[in-house]
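Student: Chains as they are written, first to last, in our numbering: chain A, 1 to 491; chain B, 492 to 778.
C-beta: ideal position from N, C-alpha, C; glycine also.
(1) Starting from residue 426(A), find everything on chain B with Cβ-Cβ shorter than 9 Å and list it in chain order.
(2) Which residue comes first and which comes last in the beta strand (DSSP E) that contains residue 456(A)?
(3) Are the CB atoms of residue 582(B) and residue 574(B) nearer to each other than 8 Å?
(4) Is the shortest distance between the beta-carbon of residue 696(B) and the beta-carbons of chain A less than 8 Å?
(5) Can you give me the start and stop residues for the alpha helix (DSSP H) that residue 768(B) sits inside?
(6) Quick one, which of 166(A), 371(A), 383(A), 51(A) has its alpha-carbon nearest residue 360(A)'s?
(7) By the criterion of Cβ-Cβ separation under 9 Å, what are the contact partners of residue 110(A) in chain B?
(8) Taking the alpha-carbon positions, what's the residue 193(A) to residue 213(A) distance?
(9) Identify the contact partners of residue 577(B) in chain A, using a Cβ-Cβ distance below 7 Å as the criterion.
(10) Would residue 354(A) count as contacting chain B if we go by Cβ distances under 8 Å?
(11) Are any of the Cβ atoms in chain A nearer than 8 Å to that of residue 745(B)?
(12) Tell me which residues of the segment 561-590 of chain B have at least one Cβ-Cβ distance to chain A shorter than 7 Å, keeping chain order.
(13) Quick check on the DSSP output: the beta strand (DSSP E) that includes residue 624(B) runs from which residue to which?
(14) At the 8 Å Cβ level, is residue 81(A) part of the contact set with chain B, yes or no?
(15) Under three-state DSSP, which class holds residue 25(A)?
(16) Taking 8 Å as the limit between beta carbons, can you name the residues of its chain near residue 673(B), skipping five residues before and five after?
(17) Can you list, in chain order, the residues of its chain whose CB lies under 7 Å from that of residue 83(A), leaving out five sequence neighbours each side?
(18) Would you identify the three-state DSSP class for residue 209(A), choosing helix, strand or coil?
(19) Along the chain, where does the beta strand (DSSP E) that runs through residue 249(A) open and close?
(20) DSSP state of residue 529(B), grouped into three classes?
(21) Near residue 585(B), what residues of its chain come up, given a Cβ to Cβ distance below 7 Å and the 5 sequence neighbours on each side ignored?
(22) To the nearest angstrom, how far is the alpha carbon of residue 502(B) from that of residue 135(A)?
(23) Pick from 774(B), 540(B), 618(B), 514(B): whose alpha carbon is nearest that of residue 461(B)?
(24) Taking the DSSP output, what are the residues bridged to residue 545(B)?
(25) For residue 600(B) and residue 562(B), I'd like the C-alpha separation in whole angstroms.
(26) Provide the residue(s) that pair with residue 282(A) in DSSP beta bridges, ordered along the chain.
(27) For the alpha helix (DSSP H) containing residue 662(B), name the first residue and the last one.
(28) Taking DSSP's pairing of strands, which residues face residue 492(A) in a bridge?
(29) Would a C-beta distance cut-off of 8 Å place residue 349(A) and residue 290(A) closer than the cut-off?
(30) Beta-carbon of residue 608(B) versus every beta-carbon of chain A: anything under 8 Å?
(31) Do residue 667(B) and residue 692(B) have their C-beta atoms closer together than 8 Å?
(32) Taking the C-alpha atoms as reference points, what is the distance between residue 331(A) and residue 340(A)?
(33) Using a cut-off of 9 Å between C-beta atoms, extract the partners of residue 84(A) located in chain B.
(34) Going by DSSP, what residues sit across from residue 140(A) in a beta bridge?
(35) Just to confirm the assignment, what range does the alpha helix (DSSP H) spanning residue 611(B) have?
(36) Thinking residue 176(A) and residue 138(A) are a contact (beta carbons under 8 Å), I'd like their distance in whole angstroms, please.
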């Protein structure tokens with residue numbers, strides 16, 4: 001309901017009160033039901049069975065108009081070390097995958113420097129936000145293609161330097177004069193501006209021949225010189241657009257330690273007005289953007305296992321009701337990297353106590369299906385030193401109280417040794433189309449059935465008896481590495 | 492097509508070169524490949540150049556999208572110069588060019604060079620050709636660049652302050668300087684006994700593979716004069732349309748620093764091949 005202001009007290013939280021909320025969070029009911037059908041697929045193609053790349057930081061895009069068409073990405077280089085980085089392509093709903101090198105600016109060893117993908121909801125155009133792998137600076141490209149499985153390289157729509165973590169979302173206007181137009185939102189941290197770096201590059205007609213993108217600075221407060229890297233938009237079909245970002249309050253350049261507010265902004269007209277993303281005002285300071293949590297601690301030099309930390313955020317709006325929005329964020333609590341999940345039922349004005357609080361978990365991703373069912377993906381470091389494992393879980397709920405937990409993978413955390421940061425990625429990804437959830441995560445690729453409690457399919461060659469990866473010749477042993485894993489949970 | 496793109500991307504160079512025999516026309520080894528008149532199944536008879544992961548495909552059938560309009564027929568043996576296309580159950584590549592096997596190909600086909608070695612050597616040669624200065628020597632010190640050291644003296648930022656070291660990103664290169672005592676100059680001009688080389692100490696994905704120097708390292712250094720950005724304190728840019736990156740660099744860029752950013756840019760003395768081979772062949776040509 002655009003324009004609605006819920007009556008209620010803003011419940012901005014401080015880190016001091018967070019401990020109490022955690023205890024409440026622990027009391028939530030979590031069961032290990034196995035009712036939903038789960039498909040997990042290692043998406044490295046058979047023809048690349050010999051590869052040992054660190055294919056971390058995955059993203060996924062499912063074509064809403066045809067869910068059999070799925071694109072995915074990771075830090076995967078072009079196998080022939082050419083000019084274009086690849087995306088992963090599935091034309092059968094994620095059962096099988098190919099690699100298609102169509103992304104400009106391939107780096108011989110890592111592909112891109114960041115990449116996220118999203119399909120248009122109305123015309124099957126695939127959009128991407130990347131940091132070019134061939135650039136010595138953080139050079140963002142916004143790209144598109146009308147044929148993600150074709151050989152033609154993606155078209156460059158925006159090319160700008162000093163930008164970090166482009167995160168693309170696409171909405172299609174469902175009625176009115178703009179019906180059918182693609183609204184493209186690319187959350188990013190624009191380090192080319194001083195202070196208010198949290199930014200959304202937005203086009204109200206991404207499908208135009210020469211689309212115009214505006215850089216919207218969503219930060220309204222004085223920062224510690226800049227905001228944190230993640231800026232995550234989520235768009236409702238009625239035009240309501242939300243975004244969450246990590247608003248830095250203090251930062252120590254030497255230690256990497258800082259404090260940040262977790263801020264949610266909203267625009268009731270898709271960002272089309274004169275003052276975009278200012279419809280949600282914090283009554284305590286009168287500025288745009290509700291501070292859902294204040295002065296949360298982070299350390300930009302922190303690590304959890306071999307994965308760097310620094311403050312993750314995620315947000316999703318309920319497609320059945322734009323008043324309802326879920327967020328997840330991380331902060332440091334003593335030695336724990338804590339993951340928090342909260343909900344607002346009044347368009348972001350007030351927030352629930354913590355629905356879930358999870359120790360040493362990161363890479364949160366959220367999705368809500370067309371029945372209002374919520375899925376919450378994260379990766380948790382479990383066990384004690386020497387035997388630690390990365391456990392990738394998805395939790396499902398219809399009400400925020402009763403949760404069904406599915407373990408997608410539980411793999412050794414110390415193998416392989418990281419080639420680079422990030423080890424698993426600074427994000428994983430999840431989305432819903434219809435009643436089904438589609439996601440992607442990166443993990444150790446040891447071919448061992450017990451590592452994947454809900455089943456697993458490998459395309460690449462492997463011996464499941466000796467738990468060994470095999471090369472293209474199906475004989476030569478191949479070292480364990482990090483691979484991207486697609487999953488689908490039938491809602 | 493928007494004005495910004497593709498003009499800045501150089502024409503792709505073939506990275507997978509092989510002798511093959513056309514097995515079937517208008518056909519493909521993978522169901523996802525769109526087949527047309529120029530799509531062919533080709534048996535890989537001999538791989539001439541390939542990255543390591545694809546050097547083991549001899550004898551296999553793959554899909555080739557033929558270039559141009561040159562006629563091709565089943566059974567014909569050709570040399571294919573190709574780039575990536577698609578990888579699934581099999582692989583599909585796009586030919587930049589292909590030509591019938593001729594007597595002029597005899598030497599390259601007879602050479603027993605490993606395709607992956609040939610690929611690596613060609614890449615090193617390209618890197619050497621691009622280098623502004625190639626020296627051999629020893630790293631005698633590693634230090635912070637002057638402007639970075641200055642920035643870190645005041646280390647905290649609260650609201651309303653600038654971050655002393657400049658904007659913070661997980662992709663920050665964390666520049667360091669290696670002071671290299673020069674034994675010999677193999678390319679370019681350098682009269683001083685030492686040369687300062689900037690390198691990224693960062694372990695971030697954007698700097699994966701770049702040499703991480705430490706005192707005592709000895710070997711060959713391929714150095715490139717690269718624009719290295721200074722911290723942008725107080726820089727403000729007007730918000731507005733998605734700007735197209737200009738060919739001209741912004742004002743806050745330092746030019747002229749020697750950098751080593753690629754794995755190929757440093758080679759220890761004891762390692763064979765690579766830069767050493769190129770230097771030796773250059774010396775022989777001069778003689």
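Tutor: Judging by the given coordinates:
(1) The residue given as residue 426(A) occupies position 426 in the first chain. Those within 9 Å of residue 426(A) in chain B are 661.
(2) By one-based count along the first chain, residue 456(A) stands at place 456. Segment: none, residue 456(A) is in no beta strand (DSSP E) and carries neither H nor E.
(3) Walking along the second chain from the start, residue 582(B) turns up at place 91. Walking along the second chain from the start, residue 574(B) turns up at place 83. No, they are not a contact pair.
(4) Counted from its first residue, the second chain places residue 696(B) at position 205. By this cut-off, residue 696(B) is an interface position.
(5) Here residue 768(B) is taken as the residue at index 277 of the second chain, counted from 1. Start and end: 765-777.
(6) As a first step, residue 360(A) is located in the first chain; it is residue number 360 there, counting from the start. Ranking the options by Cα distance to residue 360(A), first place goes to 383(A).
(7) Position 110 of the first chain, counted from the start, is the residue given in the question as residue 110(A). Result: 696, 697, 699, 700.
(8) Sequence index remark: in the first chain, residue 193(A) carries index 193 (1-based). Sequence index remark: in the first chain, residue 213(A) carries index 213 (1-based). One C-alpha to the other measures close to 17 Å.
(9) As a position in the second chain, residue 577(B) is number 86, starting the count at 1. In chain order: 98, 99, 100.
(10) Counting from one through the first chain, the residue named residue 354(A) turns up at place 354. Taking Cβ atoms only, chain B never reaches closer than 8 Å to residue 354(A), which makes this a no.
(11) The count along the second chain starts at 1 and reaches residue 745(B) at position 254. Note that residue 745(B) scores 44 on pLDDT, short of 50, meaning its location in the model is unreliable and no value can be drawn from it.
(12) 574, 575, 576, 577, 578, 579, 580, 581, 582, 585
(13) Counting from 1 along the second chain, the entry for residue 624(B) is found at position 133. Note, residue 624(B): beta strand (DSSP E), 624-634.
(14) To locate residue 81(A), count along the first chain from 1; it is residue 81. So yes, residue 81(A) belongs to the interface.
(15) If you number the first chain from 1, residue 25(A) lands on position 25. Confidence at residue 25(A) is low in this model, with a pLDDT of 42, below 50, so the placement of that residue is unreliable and no value is reported for it.
(16) To locate residue 673(B), count along the second chain from 1; it is residue 182. Closer than 8 Å at the Cβ level, and outside the excluded window around residue 673(B), lie 626, 627, 628, 681, 683, 684, 685, 686.
(17) Numbered from its first residue, the first chain carries residue 83(A) at position 83. Once the five neighbours on either side are set aside, the close Cβ partners of residue 83(A) are 106.
(18) Translated into the one-based positions of the first chain, residue 209(A) becomes position 209. Three-state result, residue 209(A): coil.
(19) Position 249 of the first chain, counted from the first residue, corresponds to residue 249(A). From DSSP, the beta strand (DSSP E) with residue 249(A) extends over 241-252.
(20) For the purposes of this step, residue 529(B) is taken as residue 38 along the second chain, with counting starting at 1. Coil, per DSSP.
(21) Here residue 585(B) refers to the residue found at position 94 of the second chain. Hits under 7 Å: 556, 573, 574, 576.
(22) Here the question's residue 502(B) lines up with position 11 in the second chain. Here the question's residue 135(A) lines up with position 135 in the first chain. Each residue's Cα considered, the two are about 17 Å apart.
(23) Residue 461(B) cannot be examined here, being either before or after the span of chain B that is shown, 492 to 778.
(24) Here residue 545(B) refers to the residue found at position 54 when the second chain is read from its first residue. Answer is none; residue 545(B) lacks a bridge partner.
(25) Reading the second chain from its first residue, position 109 is the one you call residue 600(B). Reading the second chain from its first residue, position 71 is the one you call residue 562(B). Residue 600(B) and residue 562(B): Cα-Cα distance of roughly 23 Å.
(26) Start at 1 with the first residue of the first chain, and residue 282(A) comes out as number 282. Answer by DSSP bridge pairing, in chain order: 287(A).
(27) Within the second chain, residue 662(B) is the residue found at index 171, counting from 1. Residue 662(B) -> no alpha helix (DSSP H), and no H or E assigned at all.
(28) An answer regarding residue 492(A) cannot be provided, because it is not within the stretch 1 to 491 covered by chain A.
(29) The residue you call residue 349(A) lines up with position 349 of the first chain. The residue you call residue 290(A) lines up with position 290 of the first chain. Taking 8 Å as the Cβ cut-off, residue 349(A) and residue 290(A) qualify as a contacting pair.
(30) Taking the second chain and counting its residues from 1, the one referred to as residue 608(B) is at position 117. Not closer than 8 Å to any Cβ of chain A, the Cβ of residue 608(B) fails to qualify, so no.
(31) On the second chain, residue 667(B) is found 176 positions in, with the first residue counted as 1. On the second chain, residue 692(B) is found 201 positions in, with the first residue counted as 1. A contact, by the Cβ cut-off of 8 Å.
(32) The residue given as residue 331(A) occupies position 331 in the first chain. The residue given as residue 340(A) occupies position 340 in the first chain. Going from the Cα of residue 331(A) to the Cα of residue 340(A) covers about 8 Å.
(33) As a position in the first chain, residue 84(A) is number 84, starting the count at 1. In chain order: 500, 503, 574, 575.
(34) On the first chain, residue 140(A) is found 140 positions in, with the first residue counted as 1. Answer by DSSP bridge pairing, in chain order: 131(A), 160(A).
(35) By one-based count along the second chain, residue 611(B) stands at place 120. Run containing residue 611(B): 606-621, per the alpha helix (DSSP H) assignment.
(36) For the purposes of this step, residue 176(A) is identified with residue 176 of the first chain, where counting begins at 1. For the purposes of this step, residue 138(A) is identified with residue 138 of the first chain, where counting begins at 1. That belief does not hold up - the Cβ atoms of residue 176(A) and residue 138(A) are roughly 37 Å apart, past 8 Å.
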